Amino acid sequence: DVVMTQTPLSSPVTLGQPASISCKSSQSLVHSDGNTFLNWLHQRPGQPPRLLIYEVSNRFSGVPDRFSGSGAGTDFTLKISRVEAEDVGVYFCMQAAQFPWTFGQGTKVEIK
Amino acid sequence: QVQLVQSGTEVEKPGASVTVSCKASGYTVSDYFMHWVRQAPGQSLEWMGWINPKSGATHFAQKFQARVSMTGDTSINTAYMELSSLRSDDTAVYYCARDGGSGSLDFWGQGTLVIVSS
């Protein structure tokens, strides 16, 4: 199985400041069709996850443009340009290049 | 708007089976694959498998292959996941999630808590 490793596991941030989360996969996430299937999800306490980013850098419908994704191969990053109060929660990376689909451990973002 | 509404909390004894339903609205369930993902308390997410509700084809994570089944009833726009031979470590919130294409899970149900306890 592809192991997804996120860092940091906890990220205290100041409102209005940037935040960055790294995700590394144990194998390349380039699918046989040439696409790279790496997603980012956000989960607020007591809520289901919601899709933020798909295929490394594509924002899902309704996701604010302060969220951006980048990376290639096995190294990926989620950036929040200016953290807002509603951004608290846990962020997960998820790979869909190979079955079984797998998730990172999660990074908890909280306000300082 | 797309919504996935799941059935309520279940409390089961070890060795029993549980079925979780996921009713879709805002789209036709047969048009998209449906995935199931679970989350044990305080843990990350674990992918269980998918179903093509139109054909009934399924693909499961090897870990669950012997104990899980996934079905769909297109007449009522609903997908189901059954997990058998329950153990205490199956205690988790179970989510259905729509396959949005491009390897994404674009809409999620609210989750169903399954508690396995003697």
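These protein sequence lines map, in sequence, to chains A and B. The working numbering applies: residue 10 is where the first sequence begins, and numbers increase by one. The working numbering applies: residue 3 is where the second sequence begins, and numbers increase by one. Heads up, the beta-carbon is just placed ideally off N, CA and C, and yes, glycines get one too. Note that this is a predicted model, so its numbers are computed, not measured.
Item: Buried or exposed, going by whether 16 or more other CB atoms sit within 10 Å of the CB of B/Thr80?; Value: buried
Item: Can you name, in chain order, every residue of its own chain whose Cβ lies under 8 Å from the Cβ of B/Leu107, other than the five neighbours on each side?; Value: His37, Val39, Ala99, Arg100, Asp101
Item: Would DSSP call B/Thr93 helix, strand or coil?; Value: coil
Item: Whose C-alpha, out of B/Val95, B/Lys65, B/Ala42, is nearest the C-alpha of A/Gln114?; Value: B/Ala42
Item: Would you say A/Ile30 and A/Thr116 are within 9 Å of each other, going by their C-beta atoms?; Value: yes
Item: May I ask which residues mark the beginning and end of the beta strand (DSSP E) holding B/Leu115?; Value: 114-118
Item: Could you tell me whether the region 31-40 of chain A touches the region 78-85 of chain A, using the rule of 3 or more Cβ pairs below 8 Å?; Value: yes
Item: In whole angstroms, what is the alpha-carbon distance linking B/Gln67 and A/Asp10?; Value: 15 Å
Item: Are A/Gly80 and A/His51 touching if we call contact CB-CB under 9 Å?; Value: no
Item: DSSP three-state call for B/Gln2: helix, strand or coil?; Value: Outside the modelled stretch of chain B, which goes from 3 to 120, sits residue 2 of chain B, for which no answer is possible.
Item: Quick one: what's got a C-beta closer than 6 Å to B/Glu48's C-beta in the same chain, skipping five residues either side?; Value: Arg40
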